[in-house]
Amino acid sequence: MKKNTLLFSAICILFAGCNNQEPLSSVIERGLNRSTEQALLMAKELENQEGKFPKTIGKDGNLETSDYGWWCSGFFPGELWYLYEYTQNPELKKYAQLYTDRVEPAKNLTNTHDLGFMLFCSFGNGYRITQNPHYKEVMITGAHSLATRYNPTVCAIRSWDFNKDKWQYPVIIDNMMNLEFFSWIAKETGDKQFSEMADSHAMKTKEHHFRPDFSSYHVVSYDTISGEPHIKQTHQGFADESAWARGQAWALYGYTVMARETGNIKYLELARHIADFIMNHPNLPEDKIPYWDFDDPKIPNVPRDASAAAIMASALIELSQLDTTPLGKEWLALAEQQIRSLSTPEYLAEAGSNRYFSIMHCTGHLPGNSEVDVPLSYADYYYVEALLRLKKLIKE
Ligand code: GLY
């Protein structure tokens, strides 16, 4: 048995003996300290590889990297900022700045809808922590680039530019993750068109992306003349009518943010329904780490998606603070279970292993036979975000 597993077993025996769980503060500390060790090793590994970011582990077992144009480029710098905030270690700040700078060319991209992820996780966290005015300028430029993808007839931000013969105007549920960025830009600049775009995108998505059980489609494509949906699909999931796990996580996170940003009860109610769908789904495993798709008929013999769990946990912690009904406590309890599971050796890598990613067992795009049962930079980012949110809560 490896050292880490032995240590973890000893902790479990200790607390089982007292008929008690490991204190949450100790779980949080382990997760943050391990993430710090791994992120520093990763930062050093890629320090001299100009313009590169960690992406995943490839089929050959090697670290796969990306450049600034990949939708995930902002996650590693964002994680470094969070960990700098936690540790105050100047080395982490140095690396956070280095990797954030690498994302800067993304501010001019108009061929992707992922600028919220790319710029707000990196420059957004960097600005929150340092108030560096250049970081704000980069985000304002990026927000104008992203706004070119907003269509006032459809009332939504366009997601993809490919498959134009199939989808006239595809909007994916992941696109909800841009709305925190737009809301922040509106507040910082006073330019209300950004909060208006965020609100109408959220309203349009609320109207058309959800099924009666409050699970979400992945892609809704709109007719550009009528602004009405002409296709509903689940491109990265098991089937068009299935509930792709990460899609449900993006929906939960996106509507929780919009409930906070607008105070609109309709967004809070939708976030509650999505959380309820996840929490009470018969295929949610006991450890609360979802299978990659809730409806894969081969469950339980299918991969998990720990990235979805990390995103859900972070969103649920925030939802628990917005929802003043007794359900608030349930959202927090589910998030805590997810964080406890992610912080066991089953999901949390040993220091120095897993090609220096923290979280194992994520699924990127199973139908594309890509990134199955691997680490992913966004799992690490949202895991650290959730740990910090929980840490703040238990202190209060
Ligand atoms: N935004 C892409 C994904 O969640 O895989």
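What the sequence shown shows, in numbering that gives the first Met the number 0, is residues 0 to 395, in sequence order. Think of the CB as a built atom: it goes at the ideal place given N, C-alpha and C, for glycine as much as any other residue.
- For LEU31, the closest alpha carbon among the candidates ILE338, ALA244, LEU283 and TYR216 is that of ILE338.
- Within the stretch 210-297, the complete beta strand (DSSP E) segments of 3 residues or longer fall at 218-221 and 228-232, listed in chain order.
- Its chain contains LYS106 and ASN107 as the residues whose beta carbon lies nearer than 8 Å to that of THR140, once the 5 sequence neighbours on both sides are disregarded; these appear in chain order.
- For the set LEU39, PHE213, LEU269 and GLU103, the Cα lying nearest the Cα of TYR94 is the one of LEU39.
- Annotated as proximal: ASP294 and ALA242, with beta-carbon spacing under 7 Å.
- In the three-state reduction of the DSSP assignment, ARG388 falls in the helix class.
- For ASP295, the Cβ stays outside the 6 Å cut-off from all heavy atoms of the ligand GLY.
- For the pair ALA385 and SER313, the CB atoms are nearer than the 7 Å cut-off.
- For the 7 Å CB-CB criterion, SER352 and ASP379 do not form a contact.
- ARG303 carries a strand assignment under DSSP once its states are collapsed to helix, strand and coil.
- Straight across, the Cα-Cα distance linking HIS229 with ASP198 is about 22 Å.
- According to the DSSP assignment, GLU370 belongs to no alpha helix (DSSP H) but to the beta strand (DSSP E) extending over 369-373.
- According to the DSSP assignment, HIS364 belongs to the beta strand (DSSP E) that extends over 361-364.
- Note on geometry: alpha-carbon atoms of LEU145 and LEU347 lie some 35 Å from one another.
- Cβ-Cβ distances below 7 Å link LYS390 to ILE27 in the same chain, with the five nearest sequence neighbours on each side left out; the list follows chain order.
- A Cβ-Cβ separation of about 7 Å places TYR290 in contact with ALA244 under the 8 Å criterion.
- Every residue whose Cβ sits closer than 6 Å to any heavy atom of the ligand GLY is listed here in chain order: TRP70, ASP173, GLN235, ARG245 and GLY363.
- For TYR85, the three-state secondary structure derived from DSSP is helix.
- In this structure, VAL137 lies away from GLU179, with their beta-carbon atoms at least 7 Å apart.
- Exposed is the label assigned to ASP239, since fewer than 16 other Cβ atoms lie within 10 Å of its Cβ.
- Looking from the CA of ASN263, the closest CA among SER214, ILE128, GLY60 and SER194 belongs to SER194.
- By the criterion of at least three beta-carbon pairs nearer than 8 Å, the stretch 78-93 is not in contact with the stretch 54-65.
- Boundaries of the beta strand (DSSP E) harbouring SER65: 62-65, taken from the DSSP string.
- The beta carbon of LEU387 sits closer than 8 Å to those of LEU31, TYR81, GLU84 and TYR85, all from its chain and outside the five residues before and after it, given in chain order.
- Taking a contact to require three or more Cβ pairs closer than 8 Å, the stretch 274-289 and the stretch 221-237 do not qualify as touching.
- According to the DSSP assignment, VAL170 belongs to the beta strand (DSSP E) that extends over 169-171.
- Contact between SER158 and HIS112 holds, with the beta-carbon distance rounding to 5 Å and staying under 8 Å.
- Judged by DSSP in its simplified three-state form, LYS165 adopts coil rather than helix or strand.
- Boundaries of the beta strand (DSSP E) harbouring LYS54: 52-56, taken from the DSSP string.
- ALA142 sits close to ILE184, with the two beta carbons spaced by under 7 Å.
- When the alpha-carbon of PRO296 is set against those of ALA309, PRO281, ALA305 and ARG210, the nearest one is in PRO281.
- Secondary structure note for GLN192: its alpha helix (DSSP H) is the uninterrupted segment 192-207.
- The beta carbons of TYR216 and GLN232 sit about 7 Å from each other, so the pair counts as a contact at 8 Å.
- Within its own chain, the residues whose Cβ lies closer than 8 Å to the Cβ of SER340, once the five positions on either side in sequence are excluded, are ASP286, LYS287, ILE288, ALA308 and TYR346, listed in chain order.
- Here PRO374 is buried: its Cβ has 16 or more other Cβ atoms, across all protein chains shown, within 10 Å.
- A direct Cα-Cα distance of roughly 41 Å separates MET359 from ASP190.
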